[in-house]
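Chemist: In this text, residue positions in the sequence shown follow my numbering: the first is 861, and each later residue adds one.
Every residue, glycine too, gets a C-beta built ideally from N, C-alpha and C.
Given the structure is predicted, the values throughout are model-derived calculations rather than measurements.
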Amino acid sequence: MQGYNSAKGPSTSIWYAIISKWLFILLVTVLCLVIGLAYSVVFVKPTYTASRSVILRLSVGDVKDSTVITNINLSKIYLPDVVDFVTSPAVVEQANELMGGNNLVKSGGISVKNSTRDEDSLIFSISYTDTALAEAKLKLNCVIESVTMVNEKLEVIEAEGFALIPTQNDFNVSVNSVFAQYVIIGGVAGLVIALAIVVVSHMLDNTVVSKSEFEEVTGISVLSLINKNEPNKNKK
């Protein structure tokens, strides 16, 4: 007779344990997924982004054909500086003065997107993100107004005339929801937790539950066994 071997064979491997506990893993994953969804609904607020397209206009003198061309070229030269200037601390400070309340404009809420398709375009988009749509629109307008006001004070852009002119009357609005993010996090966390429970319980389990497992553990061939779970076939 072969010696006793405490190591479990292939039928009781970790993969076998995972497959046999698929329903438990599925239930835990779904439970954590629902928890993630409930948390996002109750505690996480969606944010709103309001944006407007503006065109940069710089002028250096009277409106003449040659002067107009000069103004356009000047605007193209200063456009990258103006794009960076929109999110400067001076503009944020001036915007907060226009707001005049406790709900302050934050530099992190401002975003500037320049045209990537047309390098000669003087049009770019300014947006602001906030937890309230009305506040996002109001703060965006304050930021746009503040750019011109600060430039008049500090003369950041050296030109006789400086203006950011909106190219649209209304705002573009988008809602930023993170519900899907928390649902995915909850589902992944549930799957990891369930797998960890199955693997740990399998590694700590030394019981023998089947004929094949007993043969693999002991190295002894079993000729017969009595299974209490099977009904007596001879019983009428």
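Using only the alpha-carbon positions, how far apart do F1031 and N962 sit?
Modeler: Cα-Cα distance, rounded: 24 Å.
Chemist: Report yes or no: do three or more beta-carbon pairs, one from the stretch 908–919 and one from the stretch 994–1002, lie closer than 8 Å?
Modeler: yes
Chemist: On the DSSP bridge assignment, give the partners of N974 in chain order.
Modeler: F984
Chemist: So, L964 versus A1019, is the Cβ gap smaller than 8 Å?
Modeler: no
Chemist: Taking three-plus beta-carbon pairs below 8 Å as touching, is the stretch 1007–1018 in contact with the stretch 1043–1062?
Modeler: no
Chemist: On a CA-only basis, which of E995, V972, A994 and T991 is nearest F984? Give me that one, please.
Modeler: V972
Chemist: Please classify N963: does DSSP put it in a helix, a strand, or coil?
Modeler: Judged by DSSP in its simplified three-state form, N963 adopts coil rather than helix or strand.
Chemist: Going by CA-CA distance only, name the one from L916, I986, G969 and S1006 that's closest to E957.
Modeler: Ranking the options by Cα distance to E957, first place goes to S1006.
Chemist: In whole angstroms, give me the CA-to-CA distance for L897 and K966.
Modeler: 29 Å
Chemist: Can you tell me which of the three DSSP states A1023 falls into?
Modeler: Looking at A1023 - three-state DSSP - the assignment turns out to be strand.
Chemist: In chain order, which alpha helix (DSSP H) runs of at least 4 residues are fully inside the stretch 1027–1064?
Modeler: 1039–1064
Chemist: Report the rounded CA-to-CA distance for I874 versus F884, giving the unit in angstroms.
Modeler: 15 Å
Chemist: Does D990 pass the burial test, meaning 16 or more other C-beta atoms within 10 Å, or should it be called exposed?
Modeler: Buried is the call here.
Chemist: Helix, strand or coil for A1017, going by three-state DSSP, please let me know.
Modeler: According to the sequence shown, residue 1017 is Ile rather than Ala. Under the three-state reduction of DSSP, I1017 is assigned to coil, being neither helix nor strand.
Chemist: What are the boundary residues of the alpha helix (DSSP H) that includes T889?
Modeler: W882 to F903
Chemist: Can you look up V914 in the DSSP assignment and give me helix, strand or coil?
Modeler: Reduced to three states, the DSSP call for V914 is strand.
Chemist: Excluding the 5 residues preceding and the 5 following L899 in the sequence, name in chain order all residues of the same chain whose CB lies nearer than 8 Å to its CB.
Modeler: This sequence places Tyr at residue 899; Leu is not what is there. The answer, listed in chain order, is Y1042 and G1046.
Chemist: Which same chain residues, not among the five before or five after A950, have their C-beta less than 6 Å away from its C-beta?
Modeler: V1010
Chemist: Identify whether T909 lies in helix, strand or coil by the three-state DSSP scheme.
Modeler: strand
Chemist: Using a 10 Å radius around the Cβ and a threshold of 16 neighbouring Cβ atoms, would you call D925 buried or exposed?
Modeler: For D925, the predicted structure reports a pLDDT of 45, less than 50, and the residue's modelled location is therefore unreliable. A value from the coordinates is still provided. The residue is exposed, with fewer than 16 neighbouring Cβ atoms inside 10 Å.
Chemist: According to the neighbour-count rule (16 or more other Cβ atoms, all chains shown, within 10 Å of its Cβ), is K905 buried or exposed?
Modeler: exposed
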